[in-house]
Ligand code: TMP
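Numbering (this note's numbering), first residue to last: 19 to 233.
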């Protein structure tokens, strides 16, 4: 895709991975790659990105609040997403801004589907209902052994309600992400997040640049 085409057609980029994989650092890298091309970037996250979404995020993540049952968790995530899409993502794309989102519906398949065991077709039904045709144009998966990621996350801050799950949950989440990436390889950039920060950055830079230049 030429630079000129980039300007007229804003894209939706998502970043995914388990806990402690380095999403924040790599979101910053992606932002700077896009901005260096003169693109306007809207940075956002899920669950969250709106006042309502951030309220739901607190209820979802705070381990001291009443834990939602799996179906309530799923619906809260899609409620936050509906608000986020209507009031942030679609308006930004319509205004020509590229949207860079820390997690999106692939996280729902990985965590609520593979992790919690909710039927994947039920998630697909909600995805269709809430998103219509909207899907990420490209998704970066930072792939890492969950044991390594959790150790990093533990050093960083107090653990949230998801981070308190057992190892088997995170192994299923990882398997979920990898199986989605395998099923739709054209949309995914999979990066081995066990490598050094420099190696991860240079691989991500090369792959994202290739996608930006050639689609
Ligand atoms: P994080 O954005 O700080 O990584 O934390 C968000 C947590 O929410 C993370 O543990 C994954 C979880 N999550 C889901 O379970 N399903 C989802 O659809 C999304 C977007 C996040």
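Cβ coordinates follow ideal geometry from the N, Cα and C atoms, glycine included.
| Query | Result |
| --- | --- |
| If we ignore side chains and look at the alpha-carbon of each, how far apart do residue 191 and residue 162 end up? | 11 Å |
| Starting from residue 141, trace the alpha helix (DSSP H) both ways and give me its first and last residue. | 138-149 |
| I'd like the ranges of any beta strand (DSSP E) spanning at least 3 consecutive residues and lying wholly in the segment 23-95. | 30-35 and 59-63 |
| Are there 16 or more other CB atoms within 10 angstroms of the CB of residue 146, so buried, or fewer, so exposed? | exposed |
| Taking 8 Å as the cut-off, decide whether the C-beta atoms of residue 178 and residue 157 are in contact. | no |
| Using the three-state DSSP reduction, which class does residue 177 fall into: helix, strand or coil? | coil |
| Tell me, which residues are paired with residue 210 by DSSP? | 161 |
| Around the C-beta of residue 42, are 16 or more other C-beta atoms found within 10 angstroms, so that it is buried, or is it exposed? | exposed |
| I'd like the span of the beta strand (DSSP E) that includes residue 231, first residue to last. | Unbroken run through residue 231 is the alpha helix (DSSP H), 215-232; no beta strand (DSSP E). |
| Ignore the nearest five residues each way along the sequence and tell me which others in residue 155's own chain have a CB closer than 6 Å to its CB. | 29 and 30 |
| Please decide whether residue 158 counts as near chain D, where near means a Cβ-Cβ distance under 8 Å. | Among the protein chains of the structure shown there is no chain D, as only one such chain exists. |
| Give the C-beta separation of residue 170 and residue 38 to the nearest angstrom, bearing in mind that I take them to be a contact with Cβ-Cβ under 8 Å. | 3 Å |
| Can you tell me whether residue 216 is buried or exposed? The criterion is at least 16 other CB atoms within 10 Å of its CB, across all chains shown. | exposed |
| Between the segment 95-106 and the segment 65-75, do three or more beta carbon pairs fall short of 8 Å? | yes |
| When every heavy atom of ligand 1 is checked, does at least one fall within less than 7 Å of the C-beta of residue 180? | yes |
| Am I right that residue 208 and residue 159 are in contact with their C-beta atoms under 8 Å? What's the rounded C-beta distance? | 5 Å |
| To the nearest angstrom, how far is the alpha carbon of residue 99 from that of residue 114? | 20 Å |
| Report whether the distance from the Cβ of residue 138 to the nearest heavy atom of ligand 1 is below 7 Å. | no |
| The beta strand (DSSP E) with residue 117 in it runs from where to where? | 116-120 |
| Suppose contacts are defined by Cβ-Cβ distances below 8 Å. Is residue 92 in contact with residue 136 by that definition? | yes |
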